[in-house]
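Please read the structure below before turning to the comments.
Numbering (our numbering), first residue to last: 161 to 960.
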């Protein structure tokens with residue numbers, strides 16, 4: 161079956177079978193996806209990391225299918241019911257669903273009515289009536305009456321025969337497969353509000369009387385309705401087709417009848433057989449298919465939600481780093497004060513304070529004095545402000561600081577503090593920042609995530625970063641597997657300085673687990689910084705295989721060998737020496753010398769063990785060694801005088817930062833502390849299937865204000881700047897949901913709109929809120945206007 165698996169994956173990926181076989185061999189041999197994608201291109205025929213991730217996932221599924229297939233064959237064989245035809249059917253099953261359909265009649269189950277009827281000797285009666293409709297059912301059944309077997313009379317015998325046929329119809333694999341696909345293409349999901357739940361479940365009001373075809377339901381609406389059902393607000397029905405009155409014959413019944421040769425020709429047995437078909441459809445088959453399609457809907461929605469979460473996480477991790485610049489982190493708060501931490505260019509915490517500029521203490525001037533002293537003392541360049549409770553007021557404090565002390569040259573940036581509290585209370589934080597109060601650790605994390613979001617965010621469970629929708633409803637295993645893969649790809653794509661990386665960051669490097677990461681940190685603490693990659697081999701329990709997997713992703717800037725600061729793998733150093741000999745220059749002359757390197761022909765250096773893709777990568781790396789794939793650090797310039805929703809007017813063109821991307825559009829921070837929504841239909845003049853094809857979290861974009869609802873705190877934006885007013889009305893759907901900044905109006909009364917000056921928003925966060933793009937309760941921000949506003953008020957999505 162292994163060959164079949166390889167063939168099938170090759171067909172799905174559109175690649176050659178030998179490419180799949182090579183990749184599978186490497187994966188089975190312990191190689192990681194980042195290593196294979198980067199350093200084994202010749203072996204796999206240049207399969208990239210996305211193809212390899214799909215291959216890895218499909219390989220697991222198909223291997224599970226083969227294990228289940230083996231178990232099914234053994235089970236049926238042990239019952240003495242396996243013949244050649246059935247075995248061929250089982251071997252041809254191409255999915256778990258198809259395999260289970262075939263196995264259903266043979267699957268051990270509790271004693272059913274059909275089984276009891278068989279034990280009473282009624283199967284011959286069922287076969288007789290099904291095979292010859294000329295026979296009168298009641299007359300034939302009379303001969304099978306036997307009180308000693310529990311068959312009191314002819315009616316009881318007919319009931320038993322019907323139970324046998326109903327089970328036979330409902331367990332016919334080919335029939336069920338056909339009907340399932342028919343129901344998927346023709347059926348719809350129907351939602352109704354439960355009596356008395358209208359007020360309590362107002363956030364699901366869009367689904368109080370709702371129906372939509374299965375094939376047209378987007379992920380966020382499916383998840384919303386299932387959440388409504390879970391909370392006891394909605395009743396969901398899997399309806400096989402539209403427009404069929406209760407009690408009327410279903411269009412599916414002829415399929416069942418036709419499968420078993422049942423017609424209505426006025427013969428004695430026709431009516432009984434057709435009644436049996438209807439009974440089978442309504443009591444068994446429809447219920448079975450409804451359960452199957454419920455699972456199918458959920459899995460499709462879950463897969464899409466996981467994909468969205470993973471995509472947003474990738475954007476957040478690969479956001480532009482501010483770099484090695486001294487940064488002051490501000491963790492906002494009211495009663496407990498604003499926690500302040502200054503970290504130097506290396507991320508080391510050098511000072512902490514707690515200030516009380518807000519209510520009830522209102523020590524505004526004293527707080528500015530403290531911040532100015534710290535900034536001058538430590539030569540601070542950037543001020544990172546967490547976007548949680550009191551962020552608006554704290555941002556105004558930073559603006560006042562910059563206004564009063566222009567000589568400090570400070571730049572303030574609002575960043576996401578999602579997960580900062582999780583980090584603060586973690587065991588690693590207590591080891592990394594010993595003696596520092598838990599409340600101050602969050603400020604350190606906020607500052608560091610502006611310097612290097614990837615290095616800091618890897619310390620936090622990806623699920624706690626909160627850039628997804630309905631994440632708490634999703635399969636924990638599926639979500640974790642997907643997010644872990646994203647983190648692994650991001651870390652290895654950027655590379656890691658082995659002499660400064662934290663243990664959590666090292667843990668994500670190809671070939672290094674938690675134990676080896678701790679050993680690397682212990683080794684450098686004991687013996688000092690690594691001077692070259694060969695010294696990494698001296699780390700306890702780091703063997704040849706682990707070194708092969710990790711060496712190319714671990715960088716040593718300013719080490720003994722300039723190549724150790726690049727992504728060139730040590731195994732390829734001999735190729736570099738050959739290149740140097742051909743160029744007639746030393747390494748320092750060649751590195752960064754684009755004209756010289758581009759004059760070389762890569763084919764010249766190809767050998768039996770080193771192929772053209774690797775040589776091409778080496779030359780590219782020598783041209784720009786250690787290049788960071790992340791974008792350059794930039795900030796958005798918010799318009800002067802636009803500080804709150806009341807300052808917005810339709811038609812304004814503003815610069816803003818994309819803070820989150822959902823299936824129905826993108827949320828943008830334009831500096832008024834209330835994200836606006838650019839609906840998917842307003843992202844571009846062309847059709848947009850996936851908003852991430854146009855924008856990503858952290859992007860700096862220009863938008864035009866379409867509508868503003870100051871009362872409901874809703875802002876509708878468009879990126880179609882040239883549209884005339886009558887052209888710009890964006891579409892919406894019942895799942896569209898607004899977003900609101902943490903700690904603002906409508907969140908427990910803890911915040912109020914701030915009055916402040918100009919604010920800079922950096923690509924990495926710029927107001928990325930905790931919990932991602934879905935929040936519970938309508939009317940909490942986002943966009944407004946007509947039907948859009950009404951729909952959002954009733955939207956049935958929740959923010960996790």
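All C-beta atoms, glycine included, are put in the ideal place defined by N, C-alpha and C. This structure is a prediction, so every number in the text was calculated from the model and none was measured.
- Inter-residue spacing [alpha-carbon to alpha-carbon] between residue 767 and residue 761: Locating residue 767 in the chain shown gives position 607, where the first residue counts as 1. Locating residue 761 in the chain shown gives position 601, where the first residue counts as 1. Each residue's alpha carbon lies about 14 Å from the other.
- Check whether the Cβ atoms of residue 502 and residue 486 lie closer than 9 Å to each other. As a first step, residue 502 is located in the chain shown; it is residue number 342 there, counting from the start. As a first step, residue 486 is located in the chain shown; it is residue number 326 there, counting from the start. Contact flag set, yes.
- Report back the beta-carbon spacing between residue 651 and residue 669 to the nearest angstrom; my notes put them in contact at under 8 Å. Within the chain shown, the letter at position 491 stands for residue 651. Within the chain shown, the letter at position 509 stands for residue 669. Going by Cβ atoms, the distance from residue 651 to residue 669 rounds to 6 Å, so yes, they are a contact pair.
- Within the stretch 692-758, ranges of the beta strand (DSSP E) (whole runs, at least 3 residues): With a minimum length of 3 residues, no continuous beta strand (DSSP E) run stays inside the stretch 692-758.
- Item | Residue environment, residue 856, which counts as buried when at least 16 other CB atoms sit within 10 Å | Position 696 of the chain shown holds residue 856. Classification of residue 856: buried, given that the 10 Å Cβ count is 16 or more.
- Message: Taking 9 Å as the threshold (C-beta atoms), are residue 428 and residue 293 in contact?
- Response: On the chain shown, residue 293 is found 133 positions in, with the first residue counted as 1. On the chain shown, residue 428 is found 268 positions in, with the first residue counted as 1. Result yes, Cβ atoms of residue 293 and residue 428 sit closer than 9 Å.
- Could you have a look at residue 579 and say whether DSSP puts it in helix, strand or coil? Numbered from its first residue, the chain shown carries residue 579 at position 419. Here residue 579 sits in coil by DSSP.
- Message: Taking its Cβ as the centre, do 16 or more other Cβ atoms sit within 10 Å of residue 547, making it buried, or is it exposed?
- Response: The count along the chain shown starts at 1 and reaches residue 547 at position 387. With 16 or more Cβ atoms within 10 Å of its Cβ, residue 547 is classed as buried.
- Message: Quick check: the Cα distance between residue 316 and residue 217, rounded to an integer number of angstroms?
- Response: Taking the first residue of the chain shown as 1, we reach residue 316 at position 156. Taking the first residue of the chain shown as 1, we reach residue 217 at position 57. The alpha-carbon atoms of residue 316 and residue 217 are separated by roughly 52 Å.
- Query: Over what stretch of residues does the beta strand (DSSP E) that includes residue 876 continue unbroken?
  - Reply: By 1-based counting over the chain shown, the position of residue 876 is 716. Where residue 876 is concerned, the enclosing beta strand (DSSP E) stretches over 874-878.
- Query: Near residue 419, what residues of its chain come up, given a Cβ to Cβ distance below 7 Å and the 5 sequence neighbours on each side ignored?
  - Reply: For the purposes of this step, residue 419 is taken as residue 259 along the chain shown, with counting starting at 1. Counting only Cβ-Cβ distances below 7 Å, and skipping sequence neighbours, we find 332, 335.
- Of all the alpha helix (DSSP H) runs that stay within the bounds of the stretch 322-402, which reach a length of 4 or more residues? You should have 333-346, 379-390.
- Can you tell which of 845, 839, 818, 834 has its C-alpha closest to the C-alpha of residue 862? By one-based count along the chain shown, residue 862 stands at place 702. Relative to the Cα of residue 862, the nearest Cα in the group 845, 839, 818, 834 belongs to 818.
- Message: My output table needs one value for residue 468: the three-state DSSP class, helix, strand or coil.
- Response: As a first step, residue 468 is located in the chain shown; it is residue number 308 there, counting from the start. Residue state, collapsed to three classes: helix.
- Touching by the beta-carbon criterion (3+ pairs, under 8 Å), the stretch 796-805 and the stretch 741-759: For the pair of segments examined, the stretch 796-805 was found not to touch the stretch 741-759: the number of CB pairs separated by less than 8 Å stays below three.
- Closest by C-alpha distance to residue 266, when choosing among 279, 237, 248: Within the chain shown, residue 266 is the residue found at index 106, counting from 1. For residue 266, the nearest C-alpha among the options comes from 237.
- Message: Can you tell me whether residue 498 is helix, strand or coil according to DSSP?
- Response: Here residue 498 corresponds to residue number 338 of the chain shown, with the count starting at 1. When secondary structure is reduced to three states using DSSP, residue 498 falls in the strand class.
- Item | Span of the alpha helix (DSSP H), counted from its first residue to its last, around residue 223 | As a first step, residue 223 must be located in the chain shown, where it is residue number 63. Unbroken alpha helix (DSSP H) run through residue 223: 209-238.
- Task: Would you decide whether residue 966 is buried or exposed? Buried here means 16 or more other CB atoms lie within 10 Å of its CB.
- Result: With the chain covering only 161 through 960, there is no way to say anything about residue 966.
- Rounded to whole angstroms, what's the CA-CA distance from residue 682 to residue 614? Just pull it up for me. Position 522 of the chain shown, counted from the first residue, corresponds to residue 682. Position 454 of the chain shown, counted from the first residue, corresponds to residue 614. Straight-line spacing of the CA atoms in residue 682 and residue 614 works out to 22 Å.
- Query: According to DSSP, is residue 936 helix, strand or coil?
  - Reply: Against the chain shown, residue 936 aligns to sequence position 776. Any answer about residue 936 is weak, because its pLDDT of 32 lies below 50 and its placement is not dependable; what the coordinates show is given next. Correct three-state label for residue 936: coil.
- Query: At which residues does the beta strand (DSSP E) containing residue 134 begin and terminate?
  - Reply: In this structure the chain extends from 161 to 960, so residue 134 is not present and cannot be described.
- In chain order, what residues of the same chain have a beta carbon less than 6 Å from the beta carbon of residue 389, not counting five sequence neighbours either side? The residue given as residue 389 occupies position 229 in the chain shown. Only 396 meet the Cβ criterion.
- With 16 other Cβ atoms within 10 Å as the buried cut-off, status of residue 484: If you number the chain shown from 1, residue 484 lands on position 324. Looking at its Cβ environment, which holds fewer than 16 other Cβ atoms inside 10 Å, residue 484 is exposed.
- Message: What residue range does the alpha helix (DSSP H) around residue 185 cover?
- Response: Against the chain shown, residue 185 aligns to sequence position 25. Going by DSSP, residue 185 is part of the alpha helix (DSSP H) stretching over 177-188.
- Task: Could you check the C-alpha separation between residue 550 and residue 489 for me, to the nearest Å?
- Result: Stepping through the chain shown from its first residue, residue 550 is reached at position 390. Stepping through the chain shown from its first residue, residue 489 is reached at position 329. About 14 Å.
- Task: Using 10 angstroms around the beta-carbon of residue 166, count the other beta-carbons present and answer buried if the total reaches 16, otherwise exposed.
- Result: The residue you call residue 166 lines up with position 6 of the chain shown. Residue 166 sits buried, since 16 or more C-beta atoms from the chains shown fall within 10 Å of its C-beta.
- Task: Could you tell me the distance, in whole angstroms, from the CA atom of residue 290 to the CA atom of residue 280?
- Result: Position 130 of the chain shown, counting from 1, holds the residue named residue 290. Position 120 of the chain shown, counting from 1, holds the residue named residue 280. The alpha-carbon atoms of residue 290 and residue 280 are separated by roughly 18 Å.
- Cβ neighbour criterion (16 or more within 10 Å) applied to residue 835: The residue labelled residue 835 in the question sits at position 675 within the chain shown. Around the Cβ of residue 835, a 10 Å sphere holds 16 or more other Cβ atoms; the residue is buried.
- Message: Output needed for residue 324: all residues of its chain with C-beta closer than 8 Å, excluding positions within five of it in sequence on either side, in chain order.
- Response: Taking the first residue of the chain shown as 1, we reach residue 324 at position 164. The residues are 274, 277, 278, 282, 283, 286.
- C-alpha gap between residue 747 and residue 731, whole angstroms: Within the chain shown, residue 747 is the residue found at index 587, counting from 1. Within the chain shown, residue 731 is the residue found at index 571, counting from 1. A direct Cα-to-Cα measurement between residue 747 and residue 731 gives close to 17 Å.
- Neighbourhood of residue 543 by C-beta distance below 6 Å, restricted to the same chain and skipping five residues each side: As a position in the chain shown, residue 543 is number 383, starting the count at 1. Cβ neighbours of residue 543 beyond the five flanking positions: 488, 558, 570, 572.
- Who are the Cβ neighbours of residue 852 in its own chain at under 6 Å, not counting the five residues just before and after it? Along the chain shown, one-based indexing puts residue 852 at 692. Contacts found: 471, 821.
- Item | Paired residues, beta bridge with residue 839 - DSSP | Within the chain shown, the letter at position 679 stands for residue 839. Paired residues: 825.
- Task: Could you name the residues of the same chain whose beta carbon sits closer than 6 Å to that of residue 417, not counting the 5 residues immediately before and after it, in chain order?
- Result: On the chain shown, position 257 is the one that residue 417 refers to. Its chain contains 437 as the residues whose beta carbon lies nearer than 6 Å to that of residue 417, once the 5 sequence neighbours on both sides are disregarded; these appear in chain order.
- residue 545: first and last residue of the uninterrupted alpha helix (DSSP H) it sits in: Translated into positions along the chain shown, residue 545 becomes position 385. First-last for residue 545: 542-546, but that is the beta strand (DSSP E), not the alpha helix (DSSP H).
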